[in-house]
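A.B. asks:
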Amino acid sequence: MPHLSVSLSVQPDRAVIVTCVWDGVSLDSNQVLAQVPDTIAGAPSVDLGGDAVTAHDDRGPLPLTVGVFEDDEAGPTRCWQVGRKTSGAIEYSYAAHPAAEEPQAATPPLELRAEGSGLSGALKCFVLLPPGPEDLTFDLHWRTPTEPDNATDVWLGVCSLGEDASASAPLTGKGLELLGDTYFMCGDLREQHLREGPLSTWWLTPPGIDVDSFSARLGTTYDLMSHTFGAPAHPYRVFLRAHPHRGANASAHPASFVMAMNPSRPLDVGSLYETLAHELVHEWLHLDGSDHEKTWFVEGSADYYSLVLPLRAGMLDQAAFLAAVNVAARECYANPRRGLSIQQAQRLFFSDFLAHRLPYVRGMFYLADLDARLRRETAQKVRVDDLVRGVVRDRSAGEQIGISGWCTRVENTLHSPEMPHLDDLVITGAGRPSEDAFGSQFEMEMVDVPVPDFGFDSSTLVTGHVRGLVPAGAADRAGLHDREDIELPRYPEIVRMNVGDVLDIKVSRGGDSATISIPLTGATALVPQWRTRQHTTD
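Each residue of the sequence shown is one higher than the one before, counting from 1246 in my numbering.
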């Protein structure tokens, strides 16, 4: 079985000497030894010159040539090919330097980046990995850098897979995907981490939020989910990374999550909690199958449980719960892309954030509606939780469960076809959840809501940089120009606006600041909105 040993030696200047030993393989001349995409989801990978990587095997120095090939999924990928047939274990090494350019506004925080006392990044961005086999085994360890004055070492290292990985006690695992997706953070972390049971939070720069209360709440939520899904909680790490932009960028990793935000303009703690609670659900709840088939379930169930479980436990009050549910309903049913099928939305998943939200919110409302149907139509008052626990249990025992398997489980409980409900609420998005979807304590009304159409590309709402200005559209009529930098509310705030409201946009021109107002007129859609039920007495 091929085995890859990875060693990370962090230098005082915060460069990382990466040394990999690949054992159990034999390569012919011109075969690829290791490779890395130029970018990963827009984040830059390690910048290496032609002779930056050196290699040797049992016969001595191993000549390498560098090439570039187009990968259908990864895009341009640099590869290092051997110049002769190899003999025995192959060792290759190089120095990986943190990215020097400012991080982009809308890319996940994957690249190797220096920050505060240390650095962080996903291994797939700075460790050259072999092209296969996918199921190779690996071990990972790091060496502590020494201070220039030989002072007591204060450096700590932690990653998705564990902590304190020395050469004598490395972290181990199986699979190239697991290794590449591992996130790594190192530096003076002694006073810059918190533990709440199996959940821990780590940062190199004070993140500008009350980390104590945030971590405590998240740790309690993690325990709650473990109990609900009937499965033990394992160590989970949250990495908080700084970036200079408005809003936050995030990325999920094995048993961990990284969130990048501006410490001087941090994300609202409530929004940050909702994001992380969503990610915690993924530690248990999955289905098998291709992404375009299951994304709505995986992401929808995470949206559903990250709201419903804290509400049940009294960690989220009804007002905050309803605010989140009602915004999600607007994102779903007044979405400019609402006419897309779930398959069409999936094709635009990474390129159009409006389409990106459809699988999440449709899946959430389907599960809420299913829970109501189960409560109404089963004598034992079965909950969707009961079906979910069965999925978690059976998948952990090795059973493959896809969407058809899920439908079968629902049909065995309700004794009626489930696909029509799935088609109505998820596949086409034509239907609406029932009034009691979130319980009898809430009542629903249909509200006429504006469909956001401001006359520029939807990416403008994320980046604050006007793109795709539509001639004679609302923004053009109001006086905006293509490629201008603007300040406007975050999209969740825009979604909350009603018919007749005005969107105010700040724009700077020649040192002067002006406000341009766009009235919310045009197309509207009827959207379900929930409120606390008003009880009356005769």
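Ideal placement from N, C-alpha and C gives every residue a C-beta, glycine not left out. Quick caveat: nothing in here was measured; it's all calculated off a predicted structure.
Spatial neighbours of ALA1297 within its chain, please: CB distance less than 6 Å, with the 5 preceding and 5 following residues excluded, ordered by chain position.
C.D. replies: Translated into the one-based positions of the sequence shown, residue 1297 becomes position 52. For ALA1297, where only same-chain residues beyond five positions count, the Cβ hits under 6 Å are TYR1339.
A.B. asks: Across which residues does DSSP place MET1506 in a beta bridge pair?
C.D. replies: Residue 1506 sits at position 261 when you count from the first residue of the sequence shown. Paired residue(s): ALA1487 and ALA1493.
A.B. asks: Cutting at 8 Å between CB atoms, please list the residues of its own chain near ARG1712, excluding the five before and the five after it.
C.D. replies: Within the sequence shown, the letter at position 467 stands for residue 1712. Within the same chain, ARG1712 has close Cβ partners PHE1701, ASP1702, SER1704, THR1705, ASP1727 and ARG1728.
A.B. asks: Can you give me the start and stop residues for the alpha helix (DSSP H) that ILE1648 sits inside?
C.D. replies: For this step, residue 1648 is matched to residue 403 along the sequence shown. Segment 1648-1659, the alpha helix (DSSP H) holding ILE1648.
A.B. asks: Taking the alpha carbon of GLN1625 as the point to measure from, which residue in SER1445, TYR1611 and THR1658 has its own alpha carbon closest?
C.D. replies: Mapped onto the sequence shown, residue 1625 falls at position 380. The option with the nearest alpha carbon to GLN1625 is THR1658.
A.B. asks: From ASP1741 to VAL1572, what distance separates their C-alpha atoms?
C.D. replies: On the sequence shown, residue 1741 is found 496 positions in, with the first residue counted as 1. On the sequence shown, residue 1572 is found 327 positions in, with the first residue counted as 1. The residue asked about is misnamed: residue 1741 is Arg in this sequence, not Asp. Computed Cα separation, rounded: 6 Å.
A.B. asks: According to the neighbour-count rule (16 or more other Cβ atoms, all chains shown, within 10 Å of its Cβ), is GLN1591 buried or exposed?
C.D. replies: Position 346 of the sequence shown, counting from 1, holds the residue named residue 1591. When all chains shown are included, GLN1591 counts as buried.
A.B. asks: Let me know the secondary structure DSSP gives PRO1393 once reduced to three states.
C.D. replies: Your numbering for residue 1393 matches position 148 in the sequence shown. For PRO1393, the predicted model reports a pLDDT of 49, less than 50, meaning its position is unreliable and no value from the coordinates is stated.
A.B. asks: If you draw a straight line from the C-alpha of SER1254 to the C-alpha of ILE1731, how long is it?
C.D. replies: Stepping through the sequence shown from its first residue, residue 1254 is reached at position 9. Stepping through the sequence shown from its first residue, residue 1731 is reached at position 486. Taking the straight line joining both Cα atoms gives about 43 Å.
A.B. asks: Can you tell me which of the three DSSP states ILE1731 falls into?
C.D. replies: In the sequence shown, residue 1731 corresponds to position 486, counting from 1. ILE1731 falls in the strand class under three-state DSSP.
A.B. asks: Could you tell me which uninterrupted beta strand (DSSP E) segments, each at least 3 residues in length, are contained entirely in the region 1281-1309, listed from first to last along the chain?
C.D. replies: Counting only runs of 3 or more, we get 1299-1302.
A.B. asks: Are three or more beta carbon pairs between the region 1399-1406 and the region 1420-1432 nearer than 8 Å?
C.D. replies: With the cut-off at 8 Å, the region 1399-1406 and the region 1420-1432 touch.
A.B. asks: I'd like the list of long-range same chain contacts for ASP1669, defined as Cβ closer than 7 Å, with 5 residues on each side in sequence excluded.
C.D. replies: For the purposes of this step, residue 1669 is identified with residue 424 of the sequence shown, where counting begins at 1. ALA1675 and GLY1676.
A.B. asks: Enumerate, from N- to C-terminal direction, the unbroken beta strand (DSSP E) stretches of 3 or more residues contained entirely within the region 1716-1769.
C.D. replies: Runs found: 1747-1754 and 1757-1764.
A.B. asks: How is HIS1537 classed by DSSP in three states: helix, strand or coil?
C.D. replies: Here residue 1537 refers to the residue found at position 292 of the sequence shown. Of the three classes helix, strand and coil, the one that applies to HIS1537 here is helix, per DSSP.
A.B. asks: Is PRO1662 helix, strand or coil when you go by DSSP?
C.D. replies: The count along the sequence shown starts at 1 and reaches residue 1662 at position 417. In the structure shown, PRO1662 sits in coil (DSSP, three-state: anything other than H, G, I, E or B).
A.B. asks: So, with DSSP's three-state summary, where would you put SER1338?
C.D. replies: Translated into positions along the sequence shown, residue 1338 becomes position 93. Strand, per DSSP.
A.B. asks: Can you name, in chain order, every residue of its own chain whose Cβ lies under 7 Å from the Cβ of VAL1514, other than the five neighbours on each side?
C.D. replies: As a first step, residue 1514 is located in the sequence shown; it is residue number 269 there, counting from the start. Excluding sequence neighbours, VAL1514 sits near ILE1454, ASP1455 and PHE1459.
A.B. asks: Spell out a yes or no on whether the region 1522-1535 and the region 1630-1642 are touching, meaning 3 or more CB-CB pairs, one atom from each, closer than 8 Å.
C.D. replies: Because the criterion of three Cβ pairs below 8 Å is met, the region 1522-1535 and the region 1630-1642 touch.
A.B. asks: By Cβ distance below 8 Å, which residues in the same chain neighbour ARG1462 in space, the five residues on each side in sequence not counted?
C.D. replies: Locating residue 1462 in the sequence shown gives position 217, where the first residue counts as 1. TYR1518 and MET1560.
A.B. asks: To the nearest angstrom, how far is the alpha carbon of SER1413 from that of PRO1443?
C.D. replies: The residue labelled residue 1413 in the question sits at position 168 within the sequence shown. The residue labelled residue 1443 in the question sits at position 198 within the sequence shown. Taking the straight line joining both Cα atoms gives about 24 Å.
A.B. asks: Should the region 1347-1365 be called in touch with the region 1331-1338, which here means at least 3 C-beta pairs below 8 Å?
C.D. replies: No, the region 1347-1365 does not touch the region 1331-1338.
A.B. asks: Between the Cα of LYS1751 and the Cα atoms of ILE1763, SER1509, ALA1367 and GLY1767, which residue gives the shortest distance?
C.D. replies: As a position in the sequence shown, residue 1751 is number 506, starting the count at 1. Selected option, being the one with the closest Cα: ILE1763.
A.B. asks: When burial is assigned at 16 or more other CB atoms within 10 Å of the CB, is GLN1256 buried or exposed?
C.D. replies: Translated into the one-based positions of the sequence shown, residue 1256 becomes position 11. That one is exposed.
A.B. asks: Quick one: grab the DSSP three-state call for THR1233.
C.D. replies: With the chain covering only 1246 through 1783, there is no way to say anything about residue 1233.
A.B. asks: Taking C-beta to C-beta, are GLY1545 and ARG1618 nearer than 9 Å?
C.D. replies: As a working note, residue 1545 is residue 300 in the sequence shown. As a working note, residue 1618 is residue 373 in the sequence shown. No, the Cβ-Cβ distance between GLY1545 and ARG1618 is not below 9 Å.
A.B. asks: Over the uninterrupted alpha helix (DSSP H) stretch that includes ILE1587, give me the two end residues.
C.D. replies: The residue you call residue 1587 lines up with position 342 of the sequence shown. Counting along the chain, the alpha helix (DSSP H) containing ILE1587 begins and ends at 1587-1592.
A.B. asks: Excluding the 5 residues flanking PHE1566 on each side, which residues of the same chain have their C-beta closer than 7 Å to its C-beta?
C.D. replies: Position 321 of the sequence shown, counting from 1, holds the residue named residue 1566. Within the same chain, PHE1566 has close Cβ partners LEU1552 and LEU1556.
A.B. asks: My output table needs one value for ILE1672: the three-state DSSP class, helix, strand or coil.
C.D. replies: Sequence index remark: in the sequence shown, residue 1672 carries index 427 (1-based). In the structure shown, ILE1672 sits in a helix (DSSP, three-state: H, G or I).
A.B. asks: State the start and end residues of the unbroken alpha helix (DSSP H) segment that holds ARG1575.
C.D. replies: By one-based count along the sequence shown, residue 1575 stands at place 330. Taken as a continuous stretch (DSSP letters only), the alpha helix (DSSP H) holding ARG1575 covers 1563-1578.
A.B. asks: Go ahead and pull the three-state DSSP assignment for MET1470.
C.D. replies: For the purposes of this step, residue 1470 is taken as residue 225 along the sequence shown, with counting starting at 1. Here MET1470 sits in helix by DSSP.
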